[in-house]
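Colleague: Take this structure first; my questions come after.
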Amino acid sequence: MKYKSQKVAYWFFALAILLFSLQIIYGFIMGFARIGMDGLHEFIPFNTARAVHTNLLVVWLLTGFMGAAYYIIPEEAQTELISVKLAFVQLISLALVGVVAIVGFHFNYWEGRKFLEIPRELDYLVVVNVLLFLGLILGTLYKGKRRTTTALVLTMGLVFAALLYLPGMIWFDSQVTDSFFRWWVVHLWVEGVWELIMGGILSYLLIKLTGVDREVIEKWLYVIVGLTFLSGILGTGHHYYFIGVNKIWLVVGGVFSALEPLAFLAMALFAMYMYKKGEKSHPNKIALFWTIGAAIVSFIGAGLLGFAHTLPQTNIYTHGTLVTAMHGHYAFWGAYAMIVLAIISYALPNMTGRKRYNVNTGHYAFWLTNIGMLGMTVAFGVAGVAQVYLERKMKLDFMDVQNEISIHFVVLLLCATMFATGVILYIIEFLRFGQPTDEAVLGENTTEE
Amino acid sequence: MLSKSQARTFFLGGTLVTFLAFIGLTVYSLSPQNDQTNHDQITEGVIRGKHLWEVNNCMGCHTIMGEGGYYAPELTKVYERRGPDFIKAVLKTPIPWQPRGRKMVAYEMSEEDAQALVEYFQWIGELDLNGFERIVSPLSQDK
Ligand code: HEM
Ligand code: HEM
Ligand SMILES: [Fe+2]
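For the record, the sequence lines run as chains P and B. Under the numbering used here, think of the first position of the first sequence as 1241, with each following residue one higher. Under the numbering used here, think of the first position of the second sequence as 92, with each following residue one higher.
Okay, structure coming up:
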């Protein structure tokens, strides 16, 4: 770290971690409801818990991405952020909008559109907030001495993510068109522009951690994001198979979404190859684990488990079952949660000046969360496949099937406990680092590439 | 060997071509002659039903057209399966509906609101979903 203004990232990371821990609590509420322990039903019915769980996920990841941008962009552009004060204003207003939305969900103040539950009035505030964020980032890049591909791809991802929020704000009378454009946000985010953000962060981390030449890394970054858009844009069609639009999407969506894993495969190979090739061995082993881990787990969660149900012949049976939840968890975890945890683990020692590079707690946090999440994925998967056979093939009644598979949610909760233990350890490490200091900036002798 | 500028061209070119194709296909599939949704039958009641579906976040537990939470039954064909009276009873009851142990929120809806949702479900039930309607439909049980 070389610029004092990078320190603002710390507070974004802290907010992200806080929201992450709340997300998990609501996950437990749903898990218990599914084994019949729904004592909170009066106050937090399942749909409230679900909206809170998924929106907190999206918001903490976006907060993490913003923190990552505030950390990475000054260093890439070789200049201080244009205004730290406004960055704090942006952080606080983001937190306020988030809190109002989450509290509102408990009082029927929402818009029941999966993943976009934030009501439209608040959407406008989100837009203003994101514009402020983008203004600060673009302004810094513009003022900067250097424009790197890494910074460019990261910024492009953030700008497109903001633009793609807009189609989700339009009202449609038809449920079908509503769904159609909802996917422009949800799908084109996670299987499109967020991959640019992930690619940008990954590329930055690999440059720092492996010491491989920037030109080589950035060339492959272009190939990866090229594959992402080539497959991911038309791959949106895999959500259009069965929602009342033309059959042409069965072909287009099937073919192109089947190619989507290539981008994730490329990302995994890229990370592993750069790691092998790198002659520099950075002491921050924990950041390295999270970085390489994100590249590999995203390939399994998004690439392999996405492919498993993306062809229309399979999807017609699995669509809208727990099979989707299985994939949703491992994909979000591997691709986006892990990359945010990676940049936090990389940045913390640099911001605070405490070189807790290879501490046991950090390693336990990595393994417990990962093994726990893998177990949860398997539990969702087994429940999902059983559901598909019993409900969709054998035509048993919905609730009969649910009662049959509830045992898998006991397993889910056990694995979730392991996962949550890992998260607690991660938070303990986060707190042990303490707050960022200017001495850390001045005392830093970062090896430049 | 691939150069950086070739890699950039691949990225920009691929993005542009697929993006244009995507817009073209969107226009094509949403054009009136390809309508599979009986768009002209979206009445005031159906629109009101959709609004109620959203403000109550029914999708937070149920799926419709396979989209939503996985906690409660798929509702695409609920009109056919249960009929209007049953649906209204579920929406109007003051005590949580829980026929097999899992609770639904007691909405205590008015007759008009319940009727609007019935019309909404009726419209949804008539959609041509490229075969998915047969997977979740009670009629397919006979085959
Ligand atoms: C990091 C990337 C990804 C994330 C975070 C992600 C996440 C999700 C989530 C949360 C859903 C549920 C959406 C809903 O029903 O509302 C979903 C659905 C789906 N995803 Fe992904 N996904 C990713 C990548 C992929 C890839 C690469 C593929 C294909 C190869 C894929 C295939 C699918 C399919 C077919 C569905 C629809 C499931 C259904 O019909 O119910 N996903 N994804
Ligand atoms: C203690 C840990 C967790 C538990 C017990 C848990 C449990 C659940 C449950 C029960 C659902 C609802 C499924 C349904 O509709 O029936 C859900 C949805 C979801 N959770 Fe979690 N979760 C946990 C952590 C996470 C984490 C860490 C992530 C992301 C990295 C995540 C991402 C999601 C997503 C994307 C959905 C929506 C899936 C879909 O609609 O297909 N969850 N979770
Ligand atoms: Fe998708």
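Cβ atoms here follow ideal geometry from the backbone N, Cα and C, with glycine treated the same way.
1) Measuring alpha carbon to alpha carbon, tell me which of Leu-1398/P, Arg-1360/P, Leu-1588/P, Phe-1649/P ends up nearest Val-146/B.
2) Starting from the beta carbon of Lys-194/B, find every residue of chain P whose beta carbon is closer than 8 angstroms, and list them in chain order.
3) With a threshold of 7 angstroms, establish whether the CB of Ala-1434/P neighbours any heavy atom of ligand 2.
4) With DSSP run on the structure shown, which of helix, strand or coil describes Thr-1686/P?
5) Near Tyr-1557/P, what residues of its chain come up, given a Cβ to Cβ distance below 8 angstroms and the 5 sequence neighbours on each side ignored?
6) Cβ of Glu-1431/P within 7 angstroms of any heavy atom in ligand 3?
7) Looking only at its chain, what residues have a beta carbon closer than 8 angstroms to the beta carbon of Thr-1531/P, apart from the 5 residues adjacent to it on each side?
8) Among the candidates Val-1339/P, Ile-1667/P, Ile-1313/P, whose CA atom is the shortest distance from the CA of Asn-1295/P?
9) Strictly below 7 angstroms CB to CB, what residues from chain P border Gly-157/B?
10) In chain P, which residues lie less than 9 angstroms from Arg-99/B when you measure between Cβ atoms?
11) Taking Cβ-Cβ distances shorter than 8 angstroms, what residues in chain B pair up with Ala-1565/P?
12) I believe Ala-1317/P touches Leu-1381/P by the beta-carbon criterion, under 8 angstroms. Please report the beta-carbon distance rounded to the nearest angstrom.
13) Quick check: is the beta carbon of Asn-1348/P nearer than 8 angstroms to any beta carbon in chain B?
14) Mind the definition here: the segment 1650 to 1661 of chain P touches the segment 1596 to 1613 of chain P only if three or more C-beta pairs lie below 8 angstroms; say whether that holds.
15) Name the one or two DSSP bridge partners that Ile-155/B has.
16) Suppose you measure from the CA of Asn-1685/P to the CA of Thr-1592/P; what does that come to, to the nearest Å?
17) In terms of residue numbering, what span does the alpha helix (DSSP H) encompassing His-1603/P cover?
18) Distance cutoff 8 angstroms, beta carbons only. Does Thr-1550/P sit that close to anything in chain B?
19) Take Pro-1552/P and list the residues in its own chain whose beta-carbon comes closer than 6 angstroms to its own, dropping the five residues that flank it on each side.
20) By how many angstroms is the C-alpha of Glu-1357/P removed from the C-alpha of Phe-1496/P?
21) To be precise: take each residue of the segment 171 to 185 of chain B, compare its Cβ to all Cβ atoms of chain P, and keep it if any distance is under 8 angstroms. Which residues remain?
22) From the beta carbon of Val-1324/P, is the nearest beta carbon of chain B less than 8 angstroms away?
23) Could you check whether the Cβ of Ala-112/B sits closer than 8 angstroms to any Cβ belonging to chain P?
24) Using beta carbons (cut-off 8 angstroms, strictly below), is Phe-212/B in contact with chain P?
Modeller: From the atom records:
1) Arg-1360/P
2) Asp-1278, His-1281, Pro-1285
3) In the sequence as presented, Ala is not what sits at residue 1434/P; that position holds Trp. Not so, every heavy atom of ligand 2 lies at least 7 angstroms from the Cβ.
4) With a pLDDT of only 49 at Thr-1686/P, under 50, the local geometry of the prediction cannot be trusted, and no value is derived from it.
5) Val-1628, Arg-1632, Lys-1633
6) Yes; taking the cut-off as 7 angstroms, the Cβ of Glu-1431/P has a heavy atom of ligand 3 nearer than that.
7) Leu-1442, Leu-1445, Leu-1446, Leu-1449, Ala-1511, Ile-1579, Ala-1582, Tyr-1586
8) A check of alpha carbon separations from Asn-1295/P across Val-1339/P, Ile-1667/P, Ile-1313/P identifies Val-1339/P as the nearest.
9) The CB of Gly-157/B comes closer than 7 angstroms to the CB of Phe-1482, His-1559, Gly-1560 in chain P, given here in chain order.
10) Thr-1389, Lys-1459, Tyr-1462, Gly-1466
11) Listed along chain B are Tyr-161, each with a C-beta nearer than 8 angstroms to that of Ala-1565/P.
12) 5 angstroms
13) yes
14) yes
15) Glu-158/B, per the DSSP bridge assignment.
16) Low per-residue confidence applies at Asn-1685/P: pLDDT is 49, beneath 50, and the placement is therefore not dependable enough to give any value.
17) It spans 1600 to 1627 - the alpha helix (DSSP H) in which His-1603/P sits, taken as one unbroken run.
18) For Thr-1550/P, not one C-beta of chain B is nearer than 8 angstroms to its own C-beta.
19) Tyr-1481, Leu-1490, Gly-1494
20) 28 angstroms
21) Per Cβ criterion, the list is empty.
22) no
23) yes
24) no
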